[in-house]
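Read the structure below first, then the notes.
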Amino acid sequence: MSSSTSVPFGQALSVQTLTTGLIAGMVGFGSSFAVVVQGLLAVGASPEQAASGLTATCLLMGLAGIVFSLKLRQPISVAWTTPGAALLAATGAVDGGFAAAVGAFMLVGVLIVICGLWRPLGTLIQKIPTSIASAMLAGVLLPLCLAPFAALKAIPHLAVPVLAVWVVTSVFSRLYAVPLAVVVAVLLMAFPELVGGTAPAAVSLAPALAPVLPTLTSGAVIGIAIPLFLVTMASQNVPGLAILAANGYRPNAGPLFVGTGAGSVLSAIGGGVSINLAAITAALCAGPEASPEPRHRYVAAVVTGAAYVVLAVVSAAAAALVSQSPPLLIQAVAGLALMNAFAGAAVAGFQEANDRLPAAVTFLITASGLSFAGIGPAFWGLLAGLVFRALLMIRTAPAGK
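Numbered per the working numbering, the sequence shown spans residues 90 to 490.
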């Protein structure tokens with residue numbers, strides 16, 4: 090679908106495209122902002138730096154979505170890397186602190202730009218077997234997805250209301266289950282006295298941007314940058330393109346990678362994580378839910394981008410509230426937000442019979458939390474799975490080939 094057949098914005102704007110875009114923005118932000126904050130805090134960000142990172146990322150992904158969609162007249166939704174943020178939460182602090190993590194974030198952005206400029210690198214990433222990449226992602230997500238049930242024992246007065254709303258809403262509308270659970274969690278964070286807690290300290294509602302001077306360490310490069318780059322490409326950019334293609338849109342991936350990579354570098358300066366092509370919100374904006382007329386759907390992605398820009402203003406307050414709350418409650422909310430992603434990754438990881446054993450090795454090593462030489466478990470899980478798969482292929486290869 091080309092821009093030559095596009096419809097002017099004013100003509101394409103409708104109640105349906107407007108409401109779908111707003112819903113996509115609210116779902117995209119509300120269902121996963123806690124994951125991003127948790128990830129930034131885990132790699133050493135202060136509450137102020139986490140607030141800055143959330144603001145920077147939200148602002149840049151909103152602007153990128155607006156620019157891409159208006160330029161190409163296609164519904165190009167841009168999001169933060171939720172699986173990547175989950176990876177950060179599982180990895181924890183590295184040598185060099187948050188400055189080293191920011192250096193790794195910037196390197197990820199540069200690598201994404203290179204993918205857009207140099208096709209062979211992007212092709213190489215796509216050649217990583219889906220089973221291994223998905224098993225790594227499932228291993229990254231498992232600890233967070235267990236958190237809601239750990240919270241039932243540790244903080245039942247906070248966990249039970251959140252889980253109850255999630256379960257009941259899931260019966261009627263899975264789309265709204267996580268956002269409504271987040272609303273309940275936010276109310277409990279803001280007014281813990283409702284369940285016998287103490288009121289949190291006052292937080293600033295003003296948006297905050299605090300530039301971070303990055304450094305690069307070998308541990309951060311290998312333990313954060315490489316796994317984060319692979320997760321972002323394999324779990325966000327490639328599926329994002331596939332969802333667009335399934336709905337009849339085939340944009341040139343190169344400029345999209347260059348744009349989101351450059352945006353990731355700018356986001357990192359503010360302490361933010363990478364931005365990338367969206368998957369869940371892409372399905373909303375690119376599908377018939379946005380409009381029965383495919384040429385009109387780009388407006389929904391523009392509205393989603395505008396919603397992110399507006400939400401960036403309240404990101405600092407959201408991050409501050411999260412940082413004052415019990416970590417297990419934040420992890421529980423993040424786990425609910427990532428439950429579908431975990432299920433999808435687990436199914437994809439173990440679907441291919443011949444790859445199940447190396448996928449299991451990848452999954453278990455990644456989920457184990459194994460860290461060696463300052464390098465986190467995602468890298469070791471991916472490496473072990475690829476090596477084991479290669480050995481099995483050599484063992485089962487027909488003689489003479």
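Ideal Cβ positions, reconstructed from N, Cα and C, are used throughout, including at glycine.
As the structure is a computational prediction, the values presented were derived from the model and not from experiment.
Which of the three DSSP states, helix, strand or coil, is assigned to L459?
Here L459 sits in coil by DSSP.
Tell me where the alpha helix (DSSP H) around I419 begins and ends.
Where I419 is concerned, the enclosing alpha helix (DSSP H) stretches over P416 to A426.
Decide if Q163 is buried, meaning its Cβ has at least 16 other Cβ atoms within 10 Å, or exposed.
Classification of Q163: buried, given that the 10 Å Cβ count is 16 or more.
Can you tell me which residues form a DSSP beta bridge with I201?
Note: I201 sits in no beta bridge, so no partner.
Closer than 6 Å by C-beta to S259: which residues in its own chain qualify, once you throw out the five before and the five after it? Chain order, please.
Cβ neighbours of S259 beyond the five flanking positions: A266.
When you compare each of T370, P172, V229 and A401 to L264 by their alpha carbons, which one comes out closest?
L264 has its Cα closest to that of T370, out of T370, P172, V229 and A401.
Can you name the start and end residues of the alpha helix (DSSP H) that W255 belongs to?
W255 -> alpha helix (DSSP H) spans P245 to F261.
Bridge partners of V271, per DSSP?
Answer by DSSP bridge pairing: none, since V271 is not bridged.
So the beta strand (DSSP E) I364 belongs to, where does it begin and stop?
Residues I364 to L366.
Are the Cβ atoms of G474 and P447 separated by less than 8 Å?
Cβ distance < 8 Å, so G474 and P447 count as in contact.
P316 vs L471 beta-carbon contact at 8 Å:
With respect to the 8 Å criterion, P316 and L471 are classified as neighbours on the basis of their beta carbons.
Expressed to the nearest angstrom, what Euclidean distance is found between the alpha-carbon atoms of T108 and A401?
Here the alpha carbons of A401 and T108 stand approximately 19 Å from one another.
Can you tell which of P340, G128, N443 and P172 has its C-alpha closest to the C-alpha of F157?
Comparing Cα positions, the closest option is P340.
Could you tell me which residues DSSP puts in a beta bridge with A168?
Looking at the DSSP assignment, A168 forms a beta bridge with N365.
So, do the region 112–128 and the region 325–344 have three or more beta carbon pairs nearer to each other than 8 Å?
Segments in contact, no.
Touching or not, the region 142–154 and the region 304–324, by the rule of three or more beta carbon pairs under 8 Å?
Counting Cβ pairs under 8 Å, fewer than three are found: no touch.
M115 lies in the alpha helix (DSSP H); which residues open and close that run?
For M115, the uninterrupted alpha helix (DSSP H) run begins and ends at V104 to G119, by DSSP.
Can you tell which of S262, A405 and M428 has its C-alpha closest to the C-alpha of A297?
Checked all of S262, A405 and M428; the closest Cα to A297 is A405.
Whole angstroms is fine: what's the gap from L333's alpha carbon to L427's?
Rounded to the nearest angstrom, the two C-alpha atoms are 22 Å apart.
Pick from Q127, A396, P172 and L177: whose alpha carbon is nearest that of A323?
The shortest Cα separation from A323 among Q127, A396, P172 and L177 belongs to P172.
CB-CB length for G350 against G198, believed under 8 Å
Going by Cβ atoms, the distance from G350 to G198 rounds to 5 Å, so yes, they are a contact pair.
Under the three-state reduction of DSSP, which class applies to R484: helix, strand or coil?
Secondary structure of R484 (DSSP, three-state): helix.
Looking at the secondary structure, which residues open and close the alpha helix (DSSP H) in which A299 lies?
First-last for A299: undefined, no H or E at that position.
Please report the straight-line C-alpha distance between S121 and A396, rounded to a whole angstrom.
Computed Cα separation, rounded: 15 Å.
Quick one: is Q420 buried, meaning 16 or more other Cβ sit within 10 Å of its Cβ, or exposed?
The residue is buried, with at least 16 neighbouring Cβ atoms inside 10 Å.
Quick one: residues in its chain with C-beta nearer than 8 Å to the C-beta of A123, no 5 flanking neighbours on either side, listed in chain order?
So the list reads V271, A274, V411, I419, V422, A423 and A426, once near-sequence residues are dropped.
To which residues of the same chain is V398 closer than 7 Å at the C-beta, ignoring the five residues directly before and after it?
Closer than 7 Å at Cβ, skipping near neighbours: L148, G151 and L152.
Given G463, which residues of its chain have a CB within under 7 Å of its CB, disregarding the five upstream and five downstream residues?
Because the pLDDT of G463 is 49, which lies under 50, any placement of that residue in the model is unreliable, and the number read from its coordinates should be weighed accordingly. The answer, listed in chain order, is V183, D184, G308 and G312.
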